[in-house]
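Counting with the working numbering, you get residues 5 to 304 for the letters of the sequence shown. Think of the CB as a built atom: it goes at the ideal place given N, C-alpha and C, for glycine as much as any other residue. All values reported here derive from a predicted model rather than from experimental measurement. Inspection log for the structure reproduced underneath, given as structure tokens.
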Amino acid sequence: MKITKRLYAYPVLAADKDDYRKAIFSVEMSEHMELTDFVLHFSVQLTSESLIRMIGQGEAEYLIHIECSSTAFRKAYHFASPQFEVRIPLEKINHMVEIVAFVVTKKHISGFHSEEWVDDFSGLRFDLEKGSILAYQNLPNLSIAKSMHQSAAHPSLFYIRKRQDDGRQGMQLFLEGDKILISLLEPEYRLYQQFNNDTEMQPVLNAMLILPALVYMFEELDQEYEEDATDRHDYTGCAWYEALEQSYRSRGKDFEETLRDRNRTSFDKAQEVMEFPVVKALASLQAIRNDFGDDGEDDV
Numbered sequence: 005m006k007i008t009k010r011l012y013a014y015p016v017l018a019a020d021k022d023d024y025r026k027a028i029f030s031v032e033m034s035e036h037m038e039l040t041d042f043v044l045h046f047s048v049q050l051t052s053e054s055l056i057r058m059i060g061q062g063e064a065e066y067l068i069h070i071e072c073s074s075t076a077f078r079k080a081y082h083f084a085s086p087q088f089e090v091r092i093p094l095e096k097i098n099h100m101v102e103i104v105a106f107v108v109t110k111k112h113i114s115g116f117h118s119e120e121w122v123d124d125f126s127g128l129r130f131d132l133e134k135g136s137i138l139a140y141q142n143l144p145n146l147s148i149a150k151s152m153h154q155s156a157a158h159p160s161l162f163y164i165r166k167r168q169d170d171g172r173q174g175m176q177l178f179l180e181g182d183k184i185l186i187s188l189l190e191p192e193y194r195l196y197q198q199f200n201n202d203t204e205m206q207p208v209l210n211a212m213l214i215l216p217a218l219v220y221m222f223e224e225l226d227q228e229y230e231e232d233a234t235d236r237h238d239y240t241g242c243a244w245y246e247a248l249e250q251s252y253r254s255r256g257k258d259f260e261e262t263l264r265d266r267n268r269t270s271f272d273k274a275q276e277v278m279e280f281p282v283v284k285a286l287a288s289l290q291a292i293r294n295d296f297g298d299d300g301e302d303d304v
């Protein structure tokens with residue numbers, strides 16, 4: 005969803021419009037790939053005193069709209085601070101991703117007016133509905149497939165599936181296939197599917213499911229380097245093993261050297277490869293609690 009030559013009945017701040025005399029709305033974006041998430045960092049430069057005042061009074065907010073046509077992913081993220089981060093599960097996006105930054109109204113505004121407008125709007129006032137666009141910037145498209153190749157963080161590393169009741173409780177893990185398989189009983193799997201559609205819950209799910217799977221994986225692989233180990237299983241031909249090797253290599257590290265490191269526990273190694281998911285999970289829970297009672301995230 006790119007903004008192209010759209011007409012507005014009221015002044016809007018944008019680089020391709022001249023409704024404001026000197027004000028600027030500019031957004032810088034950077035990104036990096038983690039094991040399970042694509043992470044976007046945004047920094048906003050806004051010099052319109054009237055729009056800054058509206059944001060401070062809770063009448064307006066920053067909004068990032070992200071859309072991926074190949075996966076039908078479409079979501080709007082709302083923020084009050086000019087610096088913020090967006091985390092998207094890798095399986096949600098692929099190929100081309102479009103991103104637009106906005107300032108939008110959070111409520112109905114009566115008599116919208118600014119002394120920063122050009123003379124054509126001098127003395128005019130406007131009534132705006134909730135969600136009205138006050139400023140926008142089209143950000144560069146992202147080619148996720150290219151970024152994934154460069155970072156080697158493959159979203160297919162893990163596979164979570166439902167299993168029939170086999171008399172065993174809890175999560176079961178299997179390493180023998182091309183993916184690290186996590187199996188859940190049907191009730192837990194239904195809950196997982198429900199929470200997996202909530203982006204804010206992704207760091208929590210990662211800490212609950214992916215982190216213990218990686219700890220188990222490192223424990224299993226550690227046995228390969230014990231001199232008296234018996235019944236060894238060679239995982240080096242598995243696709244997930246090769247993906248991890250490539251991921252470490254892309255960061256200038258050696259996967260097998262990490263496995264041989266006896267100064268760190270499997271838990272330490274798993275936390276490192278996921279860039280400390282417990283911290284992210286706790287931050288996400290804090291954000292969810294702070295947002296409790298809000299209307300949630302709506303699309304533009």
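Environment of residue i [buried if 16+ CB atoms lie within 10 Å]
i      : result
Lys134 : exposed
Pro281 : buried
Gln108 : Correcting the residue type first, residue 108 is Val in the shown sequence and not Gln. Buried.
Met139 : Checking the sequence, you will find Ala at residue 139 rather than Met. Buried.
Ile292 : exposed
Ile28  : exposed
His45  : exposed
Pro191 : exposed
Gln168 : exposed
Gln61  : exposed
Ala287 : exposed
Ala211 : buried
His69  : buried
Glu276 : exposed
Thr240 : exposed
Leu308 : Since the first and last residues shown for the chain are 5 and 304, residue 308 lies out of range.
Cα-Cα separation, residue i to residue j
i      : j      : result
Ser118 : Gly174 : 59 Å
Ile148 : His36  : 10 Å
Val16  : Lys111 : 17 Å
Phe42  : Asp202 : 15 Å
Ala274 : Ser34  : 25 Å
Ala243 : Gln250 : 11 Å
Ile97  : Asp123 : 44 Å
Lys166 : Tyr245 : 23 Å
Gln49  : Arg268 : 42 Å
Pro144 : Glu102 : 7 Å
Gln197 : Leu188 : 11 Å
Glu53  : Leu289 : 33 Å
Asp238 : Phe222 : 13 Å
Ile59  : Asp258 : 47 Å
Glu95  : Gln227 : 31 Å
Ser47  : Leu215 : 30 Å
Contact with chain D by residue i, beta-carbon distance below 8 Å
i      : result
Val277 : Of the protein chains in this structure there is only one, and it is not chain D.
Residue interval of the alpha helix (DSSP H) (run including residue i)
i      : result
Arg165 : Taken as a continuous stretch (DSSP letters only), Arg165 belongs to no alpha helix (DSSP H), being part of the beta strand (DSSP E) at 162 to 167.
Glu102 : Where Glu102 is concerned, there is no enclosing alpha helix (DSSP H), although the beta strand (DSSP E) it sits in stretches over 100 to 109.
Tyr196 : 190 to 200
Phe259 : 259 to 264
For residue i, the three-state DSSP class (helix, strand or coil)
i      : result
Ser254 : helix
Ala54  : One point to set straight first is that residue 54 is Ser, not Ala, in the sequence displayed. Of the three classes helix, strand and coil, the one that applies to Ser54 here is helix, per DSSP.
Arg78  : strand
Leu209 : helix
Ile27  : First, the residue type needs correcting, since residue 27 is Ala and not Ile in the sequence shown. If DSSP states are grouped into helix, strand and coil, Ala27 belongs with coil.
Pro312 : The structure shown has nothing for residue 312, since the chain only spans 5 to 304.
Asp34  : The question names Asp, but residue 34 in the sequence shown is Ser. Looking at Ser34 - three-state DSSP - the assignment turns out to be strand.
Ile59  : helix
Leu128 : coil
Gln49  : strand
Leu225 : helix
Met17  : A small fix is needed here, since residue 17 is Leu in this sequence, not Met. Note: Leu17 maps to strand in three-state DSSP.
Segment limits, beta strand (DSSP E) that includes residue i
i      : result
Lys284 : It is not in any beta strand (DSSP E) - Lys284 instead sits in the alpha helix (DSSP H) that spans 281 to 295.
Thr40  : Segment: none, Thr40 is in no beta strand (DSSP E) and carries neither H nor E.
Met278 : It is not in any beta strand (DSSP E) - Met278 carries neither H nor E in the DSSP assignment.
Ala64  : 64 to 72
Phe178 : 176 to 178
Arg91  : 87 to 93
Tyr140 : 137 to 147
Ser114 : 113 to 116
Proximity to residue i [Cα-Cα], best of the options
i      : options                        : result
Met205 : Arg10, Pro93, Ser270, Lys166   : Pro93
Leu248 : Leu161, Asn210, Phe199, Arg194 : Leu161
Ser126 : Tyr245, Arg25, Met100, Ile59   : Arg25
Pro207 : Val283, Val277, Val104, Tyr220 : Val283
Val219 : Trp121, Ser254, Phe178         : Phe178
Ile56  : Asn200, Ser73, Phe83           : Phe83
Gly115 : Arg255, Glu260, Leu128         : Leu128
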